[in-house]
Amino acid sequence: MNPGRKTTAGDDLVQRLEQAETALQARELNFQLIVDSIPAQVAVIAPNGEVETLNQPCLEYFGKTLGELKGWASSDPVHPEDLPHVIEVLTHALKTGQTYEVEARHRRYDGVYRWFHARGFPLKDIDGRILRWCVLLTDIDDRKRAEAQLAGEKRLLEMVASGADLTEVLTELCKFVENTAADCTCGIYLIDWRTTTFRLGAAPSLPASFNDPVEGLTVTPDAGPCGAAALTKSQVIATDIEADPRFQSATIRPLLLAHGLRSHWSTPIFSRNGEVLGTFAIFQNHPSSPTQLQQDLISQVTHIASIAIERALSEEELRRSEAFLAEGQYLGRMGNFLWVIATNQITWSEPMYRIFEFDPGITMTLELIASRVHPDDMPMIHDMVERAERGVSDFEYEHRILMPDGSVKYLHLIAHRTREEHGGPEYIGAVQDVTQRHLSEEALSKARSELARVARVMSLGALTASIAHEVNQPLSGIITNASTCVRMLDGDPPNVDGARETAKRTIRDGRRAADVITRLRALFSKKEAVTELVDLNEATREVMALSRSELERNRVILRTELAEELPLVRGDRVQLQQVIINLLRNGSDAMSTVGDRPRELLFKTEVEEGNYVRVSVHDAGTGFEPHAMDRLFQSFYTTKDVGMGIGLSVSRSIIESHRGRMWATPNDGPGVTFSFSIPCLVDRPG
Ligand code: ADP
């Protein structure tokens, strides 16, 4: 209907039509008024898609006339990237007559595009015909930006969480800011506080000619806004670096200007405990200061950067400490394991596989471990499993494993029960390959035995005279008795009873000589250390018996105070007797010049507290100077003309190998007392 078209039918009709037109115009005006007074942007579109009306807020936003905007589809009010979609949605709506919604960027009067949500709905007459489309345009730019920021933030945090490389994360952060707050360039600079220098974190949009000189720059206030921000721990805004009096001589200034950058804002990136990890810089090619929006973006970015940097640092730290641990384990020939009892799940560290010589990564089972255990040590494995099942809190074993090439390794295992995270007890343990130590201990023990034997031969050499005497005595007895016996048998009548008696004495003397020889053989023989039960009283008595003649010759009076029911000790009898002989001879030697008092040597045995047996030899000799005390037990320390100075050092090492100790104390009166004590059995076996 065209209200401007008139008919020539009667005045009445003309008048009625004019009235109708006036009414219609009034309604149109009313409609326009209503549309204009809506505070949002409204567009009215004809059913054929032509723009009919745009309200005032709409015209103001676009800064164009209605006439100019009628051709929106072929000019720039809608962002070219969004235009095809808008046309498609509108065409479809016009065809179907259904309400539509579409989002697109609209160009503001100043050229800035903002996001709008358009909702078009048809206005129909009573017959349902579409008269017009009313389109409501809502500015959703803030929401869109927030959504984009949120999505960006989420993506970046996901990158951090998935362990992406730090440079990659920081690069994305810079790009995110550059895309969100157009018209700026970003850089993230890390600080190495050990050298107080900057390291380039990321600056993807800046050329190498800018980035390279920044790398390794010293963190000082003179460096520029980043240096100042890092040291003052606060944001530094240089609106115009060219004019800013603070940065006239800053290192960064000529670099910025050479690259056409004027404003430089730097914000410190803090760690959780307030240390500056680096700085985040925004550059613009014209003087400017940050808007609230940009400030929000900066705090968002520095927060994410802080998480990413801290994570990278702690990962680096973790890698270092893992490497440190692995190196330590390698050097210590050590490995560790986790054993979940309920599931029999065993987790091994890499060095464990190396010790057991299994392929790294194969699933470890008790059966597999047992296949390596030395057959003689299998009971130990069974014992360990049984104790673990009982829930014993700690255990420690030394056992051997037999390698496929037949070699044997000695292992020391310790394990401790820990938190029961998997619903049952689990053990954390460590295994150390102690083969080397074991072999050197064996070698040491052999060397000690050999040395002890040498020392024994030497000290027994001095006893030769007494031995000769010991043997000589029964021998001459035998000869005397034998001739007496012959004489008695030659008598007339032969004295058979007397001869029998003398023959018996001959046998006794023969046995005595044999005994002496046996004891000497035992002391001279080359034997490795053996462990047996030893009665130290008996051992002492034997030594005294062997040395009696020599002591008598030296006019030494032997006294004993041997404890009754002395508990037995476990050890090497010959070695222990060697120690006693040394003490006896030293005591005798120390009294060889004593003439003003009895040369008395007292042997004492007693039980010490804590299940130890003590043997002490108390002499009345010359004693030693106080300063000599520390040196007595050193090898080759001697004050004797013919001494070797190894008796006491060998003796002490023998006692220590018996888990005991040896010492000397000056007597209250003349002489010294040498003592040793070694652990004894609690109960004397019956
Ligand atoms: P050696 O008897 O060959 O000298 P030892 O190791 O047995 O070697 O003794 C080292 C030194 O300790 C002796 O030379 C002596 O000076 C001192 N010594 C050992 N026993 C006594 C003692 N009972 N009284 C005084 N000095 C002693």
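Per the working numbering, the very first residue in the sequence shown carries number 1; after that it's consecutive.
Think of the CB as a built atom: it goes at the ideal place given N, C-alpha and C, for glycine as much as any other residue.
_For Glu-532, the nearest candidate out of Ala-628, Gly-278, Val-569 (CA to CA)_ = Val-569
*asked:* ligand 1 and Asn-586: does the residue's C-beta get closer than 7 angstroms to at least one heavy atom of that ligand?
replied: Because some heavy atom of ligand 1 lies under 7 angstroms away, the Cβ of Asn-586 counts as near it: yes.
*Residue from Glu-600, Ser-162, Asp-509, Asp-36 with nearest C-alpha to Pro-57*: The residue from Glu-600, Ser-162, Asp-509, Asp-36 with its alpha-carbon nearest to that of Pro-57 is Asp-36.
*Would a C-beta distance cut-off of 8 angstroms place Thr-502 and Val-615 closer than the cut-off?*
When the beta-carbon positions are compared, Thr-502 and Val-615 stay at least 8 angstroms from each other.
_DSSP three-state label for Gln-248, please._
coil
*Return the Cβ separation of Ala-281 and Ser-263 in integer angstroms, given the expectation that the two are a contact with Cβ distance under 8 angstroms.*
Actually they are not in contact, since the Cβ atoms of Ala-281 and Ser-263 sit about 10 angstroms apart, beyond 8 angstroms.
*asked:* According to DSSP, Ala-281 sits in a beta bridge with which residue or residues?
replied: Answer by DSSP bridge pairing, in chain order: Gly-187, Ser-266.
*Hey, would you say Leu-166 sits closer than 8 angstroms to Ile-309, going by beta carbons?*
yes
*Starting from Thr-197, follow the alpha helix (DSSP H) in both directions and report where the run begins and ends.*
Per DSSP, Thr-197 belongs to no alpha helix (DSSP H); it is in the beta strand (DSSP E), 197-202.
*Between which two residues does the beta strand (DSSP E) harbouring Leu-413 extend?*
408-418
*For Asn-702, count neighbouring C-beta atoms within 10 Å of its own C-beta (all shown protein chains included) and say buried if the count is 16 or more, exposed if not.*
The structure shown has nothing for residue 702, since the chain only spans 1 to 686.
_Pop quiz: Tyr-410 and His-438 are said to be a contact at Cβ under 8 angstroms. What is the actual Cβ separation, rounded to whole angstroms?_
4 angstroms
_Where the alpha helix (DSSP H) containing Phe-62 begins and where it ends_ = 56-62
_Quick test of your reading: Leu-318 and Asn-344, contact by CB under 8 angstroms. State the CB separation rounded to the nearest angstrom._
About 29 angstroms separates the two Cβ atoms, so there is no contact after all.
*With contact counted as at least three CB pairs below 8 angstroms, one residue from each stretch, are the region 550-565 and the region 586-598 in contact?*
yes
*Taking DSSP as the reference, what is the three-state secondary structure of Gly-671?*
Gly-671 sits in coil when the DSSP states are folded into three classes, being neither helix nor strand.
*Pick from Leu-256, Pro-474, Asp-596 that is closest to Cys-186, judged by C-alpha positions*: Checked all of Leu-256, Pro-474, Asp-596; the closest Cα to Cys-186 is Leu-256.
*CB of Ser-675 to nearest heavy atom of ligand 1: below 7 angstroms?*
No.
*On the premise that Asn-586 lies in contact with Gly-647, defined as a C-beta separation below 8 angstroms, what is that separation, rounded to the nearest angstrom?*
7 angstroms
_Bounding residues of the beta strand (DSSP E) (the contiguous stretch that carries Cys-680)_ = Looking at the DSSP string, Cys-680 is not in any beta strand (DSSP E), and its letter there is neither H nor E.
*Measure the alpha-carbon distance for Ala-465 versus Glu-550 and round it to whole angstroms.*
Interpretation of Ala-465 is limited by its pLDDT of 49, a score under 50 that renders its predicted location unreliable; the figure taken from the coordinates is listed afterwards. In a straight line, the C-alpha of Ala-465 is about 7 angstroms away from that of Glu-550.
*On the three-state DSSP scale, how would you describe Pro-598?*
coil
_C-alpha distance - Gln-432 paired with Asn-336, whole-angstrom precision_ = 9 angstroms
*Alpha carbon to alpha carbon, how far is Leu-368 from Val-574? Give it in angstroms, no decimals.*
44 angstroms
*Using DSSP bridges, identify the partner residues of Cys-134.*
Val-44, Phe-121
*Are Gly-201 and Thr-180 closer than 8 angstroms when you measure CB to CB?*
no
*Leu-231 versus Val-219, Ile-355, Leu-123, Ala-545, residue with shortest Cα-Cα distance*: Val-219
_At the level of alpha carbons, what is the spacing between Val-613 and Thr-435?_
Near 33 angstroms, if we compare the C-alpha coordinates of Thr-435 and Val-613.
*Take Ser-289 and list the residues in its own chain whose beta-carbon comes closer than 8 angstroms to its own, dropping the five residues that flank it on each side.*
Ile-237, Thr-239, Ser-263, Trp-265
*Apply the 10 Å Cβ neighbour rule to Pro-80 and answer buried if 16 or more other Cβ atoms are within range, or exposed otherwise.*
exposed
*Presumed contact (8 angstroms Cβ cut-off) between Leu-710 and Val-42, rounded CB distance*: This structure leaves residue 710 out entirely; the chain is present only between 1 and 686.
_Expected contact under 8 angstroms - CB spacing of Gly-224 and Arg-253 to nearest Å_ = 7 angstroms
*Consider the C-beta atom of Ile-341 and the heavy atoms of ligand 1; say whether any pair is separated by less than 7 angstroms.*
no
*Among all the DSSP beta bridges, which residues are the ones paired with Arg-606?*
Here the sequence assigns Glu to residue 606, which means Arg is not the residue at that position. Glu-606 pairs with Arg-614.
*Compute the Euclidean distance between the alpha carbons of Gly-669 and Gly-621, then round it to the nearest angstrom.*
If you take the alpha carbons of Gly-669 and Gly-621, they lie about 10 angstroms apart.
_For Phe-395, the three-state DSSP class (helix, strand or coil)_ = DSSP, reduced to helix, strand and coil, places Phe-395 within a strand of the structure shown.
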